[in-house]
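This report concerns only the one structure given below.
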């Protein structure tokens with residue numbers, strides 16, 4: 021990462037991270053539901 025872009029990368033990273041966590045948690049809930 022470039023130091024100048026750190027703020028932009030953090031902002032985009034947090035947004036992408038939130039979507040990724042949301043999709044991953046949904047996937048995990050599906051897997052847990054299937055295992056039960």
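Numbering (the numbering used here), first residue to last: 21 to 56. Beta carbons: idealized from backbone N, C-alpha and C, even for Gly.
Where the alpha helix (DSSP H) through residue i begins and ends
| i | result |
| --- | --- |
| residue 25 | Run containing residue 25: none; DSSP gives neither H nor E here. |
Rounded straight-line distance, which links the Cα of residue j to that of residue i
| i | j | result |
| --- | --- | --- |
| residue 32 | residue 55 | 34 Å |
| residue 49 | residue 43 | 10 Å |
| residue 36 | residue 51 | 22 Å |
| residue 29 | residue 45 | 23 Å |
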